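Colleague: Letter 391 of the sequence shown, counting from 1, is numbered 858 in this note's numbering, and no numbers are missing.
Yeah, the Cβ is synthetic: ideal placement off N, Cα and C, and Gly gets one too.
Since we're looking at a predicted model, the values are computed, not measured.
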Amino acid sequence: MPITWGTIGARPRSRSLGFSIRLHSSVSHNGTSPPLHPPLGPHMIQRKKRIVLFLPHRADPDEGVRVAADLLPLELLQIAAWPVEDGYEVVLIDAMVHDDYMEQLMEVCDGAMLFATSCILGFQVAHGARIAKAIRERFPSLPIIWGGWFPSVAPELYFEEGIADAVALGQGEITFREIVQAIDAGESLESVNGLLIERDGKPFYTPHREVVGFDKFPDAPWHLINYEDYVERQQNPGPWKMRHKYPDPWEMPAGTPVRGFSYFSSFGCPEPCTFCCSPMVTGRRWKAIPGKQTAERLLELHDRFKFNVMRFQDANFGVAEKRSNQFCDTLTEAGSPFWWSGCYEVETIARYKAESLDKLKESNCHMVSFGAEAGSAEQQAVIKKNIDTGHFESSIREMYDRGITTGCSWIIGYPGETEESMFETLRRASEMKYKFPRAASDVFPFRPIPGTEDFDKAVRLGYKAPRTLEEWGGCLEYRESFDDIHIPEDVLRTWKRYGVASTFYDGLVMEGAEWFRAVLKRVSGWRLKTGRYGFPIEHKAFHSYVKMTKQTKADKLGQKTEAVELPGIDRTVGVTTSAPVYSRPSDSSEAS
Ligand code: B12
Ligand code: SF4
């Protein structure tokens, strides 16, 4: 299809572009979704132009995995805010809750003004690309706009694969408003900052867009989602393995049905970590809604949606102590009506005053996530995170002693990292797991992310990056791809055994009699404490036992579902799968 990129307005238009009058948005504020296609009466001669937003699956349900449904489609809600305010009809389809998303997309894209979508590294990249290809094939003249973290760091791929008219780089609210306005007016996208478009068949970057504060755009248009669909997915998750599910609050009374919600209150991060693409994408800027206002908005949303657990999807919620205090004080004054969690960083907790940490607890913070990342001071310096290694324990303890759990993540296999350094990270992870048994201490393999210092370093050291969107979509299937980052065999073995020991120690193993699991727990505790993983006879005994008694994990899952449903509470401590064990129902034979 010959297309002159950058002048989308001049391209053959889809039918709806003939209607150019903007109407005011007739939004319902009761939290329910409007019908996808509001019927148009014969008396209506004008209608709002339709924008279709789609969020692809973050994990592959065909592989038996999904992500936790308290992760609302915040990125799309953010970019929808201005167009809704400007009077466009915005339809948001999220693969997580719309099982018939393909049919819905085909229906709403017919006559739409543009299709926009988003993704982050992982399966979402592949799924998003597949859907965009289908849309392009069915509606060749419908402009397709990409944005979000992965398109921001690998924008050219979207043009190479013929599925983009523009890729928005970085923060999206204002960029998207201007894209919509330009397309509506039939103007070139060259006038919109912060984009990659194509001009004369070549990639063309429009001028850089500065990061702006939240006062420059309206709050998210929540009526675009039906929150109850997300609650339903959380409470009846079906047979899928859940990724990225947080543990329920320790203090939540047994039997309480979870109504999880998520919120976005700050963009960017001031830190320079070499493995993370935030420094490049956000220019180390950090913009946040003031603490009091964040709490007030959430209190309003709580009145409306009646959630009981709220999770911030901010990269670094705790950057400013004063803001955190104002947020906590406002919630506390309102009676701390829900549990909440956010990312605070190890050094943030270390520098906060004790009273500020007390405020977290008073306002019902139930979990804090930390990126600990590397065990040794040397490796901390290499990745520019520079956490004082003494603070791992002290910061976790500050939280733990206040009854707040922590989710601590570590990475091994940084480009050029020595074996000794990886072992040190495993040792630290193990130590934290042993000392804080109810808190996650998850070890992940390094993944080179484009737009990071470490990606370039990995490539220099011989890493062969995926070339297509489909390949990028598979790059988190760690099991198949450890070897591409060259984690030494003995590190892999120890890591794997650490994963098994943590699983036994956390009591997450379902097979076997109670006494048997108690023995496994004790032995595993000893391993975590001493860091000794040689001769894992208890793993072998466990597998022989499972084989002998013909207990498959699948059989046991049936029992567990019942057992968990009775108290109605999930005490799982692991935030995500860590070592490559138990990641699929049939994997138990691989644990030794
Ligand atoms: C919350 C979070 C998660 C959540 C949910 C993420 C999600 N949205 O699906 C969970 C826990 C699931 C998660 C998991 C992972 N994450 Co994460 N995560 C984040 C985090 C902290 C915030 C992202 C977020 O939701 N923000 C809230 C929304 C509202 O903001 P936003 O996405 O930034 O959207 C804005 C712009 O991007 C833009 N925009 C977004 N979409 C679109 C679309 C259009 C059309 C336009 C115009 C604009 C636009 O406008 C929005 C408003 O300004 C970011 C770090 C960060 N610095 O932000 C990492 C980040 C996105 N994660 C990252 C990674 C690597 C992962 C994991 C791979 C980690 C792991 N090893 O397992 C997994 C993979 C997930 C998977 N595919 O299975 C990387 C992504 C790298 C990349 N280039 O894609 C990031 C950037 C962190 C990093 N290290 O660099 N993550
Ligand atoms: S890893 Fe976390 S602290 Fe480091 S730059 Fe990225 S978001 Fe900021």
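1) Using the DSSP secondary-structure output, state which residues sit across from M709 in a beta bridge.
2) Beta-carbon separation of P739 and W753 under 8 Å?
3) Taking all protein chains shown into account, do 16 or more other C-beta atoms lie within 10 angstroms of the C-beta of F617, making it buried, or fewer, making it exposed?
4) Let me know the beta strand (DSSP E) ranges lying completely inside the segment 819-866, each 3 residues or longer, listed in chain order.
5) How close, in whole Å, do the beta carbons of V776 and G809 come, if the pair is a contact with beta carbons under 8 Å?
6) Output needed for W939: all residues of its chain with C-beta closer than 6 Å, excluding positions within five of it in sequence on either side, in chain order.
7) Using a Cβ distance threshold of 8 Å, determine whether the segment 567-580 contacts the segment 595-611, with at least three qualifying pairs required.
8) Leaving out five residues on either side along the sequence, give the residues of the same chain with a beta carbon under 6 Å from the beta carbon of A621.
9) Helix, strand or coil for E898 per DSSP?
10) I need the boundaries of the beta strand (DSSP E) containing A556, first residue and last residue.
11) Please name the residue, chosen from E822, I816, R778, K759, that lies closest to W1061 on a Cα-to-Cα basis.
12) Going by the DSSP bridge assignment, what does R666 pair with across the sheet?
13) Compute the distance between the beta-carbons of P912 and I879, then report whether it is under 8 Å.
14) When we look at the beta-carbon of S861 and count the other beta-carbons within 10 Å, is it buried (16 or more) or exposed?
15) Taking I560 as the reference, give the member of I587, A841, T892, I598 with the closest Cα.
16) Taking L543 as the reference, which of N660, K516, I612, N853 has the closest Cα?
17) Output the boundary residues of the beta strand (DSSP E) element that contains V976.
18) Indicate whether P882 and L928 have their beta-carbon atoms separated by less than 8 Å.
19) Is it a yes or a no for the segment 785-805 touching the segment 847-857, going by three-plus beta-carbon pairs under 8 Å?
20) Can you determine whether any heavy atom of the ligand B12 sits closer than 7 Å to the C-beta of G753, and answer yes or no?
21) Taking C-beta to C-beta, are G941 and R894 nearer than 8 Å?
22) How many Å lie between L766 and G629 at the Cα?
23) For a test of the three-state rule: what should DSSP assign to K759, helix, strand or coil?
24) Thinking C-alpha only, which one of G838, R869, R905, P904 is nearest T892?
25) Here's the rule: buried if 16 or more other CB atoms are within 10 angstroms of the residue's CB, otherwise exposed. What is D868?
26) Using only CA atoms, which one of G639, S732, Q638, G614 lies nearest to A631?
27) If you compare alpha carbons, which of T741, E814, N783, T799 is closest to E763?
28) If we require 3 or more residues per run, which beta strand (DSSP E) segments fall completely within the segment 563-646?
29) Going by Cα to Cα distance, which pick from E845, H690, S830 is closest to D796?
30) Quick check on the DSSP output: the alpha helix (DSSP H) that includes C698 runs from which residue to which?
Modeller: Quick look at the numbers:
1) Translated into the one-based positions of the sequence shown, residue 709 becomes position 242. Paired residue(s): R533.
2) Working through the sequence shown from its first residue, we reach residue 739 at position 272. Working through the sequence shown from its first residue, we reach residue 753 at position 286. No, Cβ-Cβ distance for P739 and W753 is not below 8 Å.
3) As a position in the sequence shown, residue 617 is number 150, starting the count at 1. F617 is buried by the Cβ-count criterion.
4) For the segment 819-866, whole beta strand (DSSP E) runs of length 3 or above, ordered along the chain, are 832-840.
5) Residue 776 sits at position 309 when you count from the first residue of the sequence shown. Residue 809 sits at position 342 when you count from the first residue of the sequence shown. Taking the Cβ atoms as the reference, V776 lies roughly 12 Å from G809, outside the contact range of under 8 Å.
6) Here residue 939 is taken as the residue at index 472 of the sequence shown, counted from 1. Around W939: V592, P933.
7) When Cβ pairs closer than 8 Å are counted between the two stretches, the segment 567-580 is seen to touch the segment 595-611, the count reaching three or more.
8) Looking up residue 621 in the sequence shown gives position 154. These residues qualify, in order along the chain: P917.
9) For this step, residue 898 is matched to residue 431 along the sequence shown. Residue state, collapsed to three classes: helix.
10) Here residue 556 is taken as the residue at index 89 of the sequence shown, counted from 1. Reading off the sequence, residue 556 comes out as Glu, not Ala. Per DSSP, E556 belongs to the beta strand (DSSP E) from 556-561.
11) The chain is shown only over 468 to 1059; residue 1061 falls outside these bounds and no answer can be derived.
12) For this step, residue 666 is matched to residue 199 along the sequence shown. BP columns for R666 point to K669.
13) Residue mapping note: residue 912 aligns to position 445 of the sequence shown, counting from 1. Residue mapping note: residue 879 aligns to position 412 of the sequence shown, counting from 1. Yes; because the gap between Cβ atoms is below 8 Å, this pair is in contact.
14) Translated into the one-based positions of the sequence shown, residue 861 becomes position 394. Counting Cβ neighbours within 10 Å, S861 comes out exposed, since fewer than 16 surround it.
15) By 1-based counting over the sequence shown, the position of residue 560 is 93. Relative to I560, the option among I587, A841, T892, I598 whose CA is nearest is I598.
16) Residue mapping note: residue 543 aligns to position 76 of the sequence shown, counting from 1. Measuring from the Cα of L543, the nearest candidate turns out to be I612.
17) Counting from 1 along the sequence shown, the entry for residue 976 is found at position 509. No beta strand (DSSP E) holds V976; DSSP gives it neither H nor E.
18) What you label residue 882 is simply residue 415 of the sequence shown in a count that begins at 1. What you label residue 928 is simply residue 461 of the sequence shown in a count that begins at 1. Their beta carbons are under 8 Å apart, which means P882 touches L928 by this criterion.
19) Under the three-pair Cβ rule at 8 Å, the segment 785-805 does not count as touching the segment 847-857.
20) The sequence position of residue 753 within the sequence shown is 286, counting from 1. Residue 753 is actually Trp in this sequence, not Gly. Flag unset: Cβ of W753 not near the ligand B12.
21) As a working mapping, residue 941 is identified with position 474 in the sequence shown. As a working mapping, residue 894 is identified with position 427 in the sequence shown. One thing to note: G941 has its Cβ no nearer than 8 Å to the Cβ of R894.
22) Position 299 of the sequence shown holds residue 766. Position 162 of the sequence shown holds residue 629. Rounded to the nearest angstrom, the two C-alpha atoms are 44 Å apart.
23) Sequence index remark: in the sequence shown, residue 759 carries index 292 (1-based). Residue state, collapsed to three classes: helix.
24) Position 425 of the sequence shown, counting from 1, holds the residue named residue 892. The option with the nearest alpha carbon to T892 is G838.
25) Working through the sequence shown from its first residue, we reach residue 868 at position 401. Classification of D868: exposed, given that the 10 Å Cβ count is below 16.
26) Within the sequence shown, residue 631 is the residue found at index 164, counting from 1. For A631, the closest C-alpha among the options G639, S732, Q638, G614 is that of G614.
27) Mapped onto the sequence shown, residue 763 falls at position 296. It is T799.
28) Listed in chain order, the complete beta strand (DSSP E) runs (minimum 3 residues) inside the segment 563-646 are 581-585, 611-614, 633-635.
29) By one-based count along the sequence shown, residue 796 stands at place 329. That would be S830, whose Cα lies nearest to the Cα of D796.
30) Walking along the sequence shown from the start, residue 698 turns up at place 231. This sequence places Val at residue 698; Cys is not what is there. Taken as a continuous stretch (DSSP letters only), the alpha helix (DSSP H) holding V698 covers 694-702.
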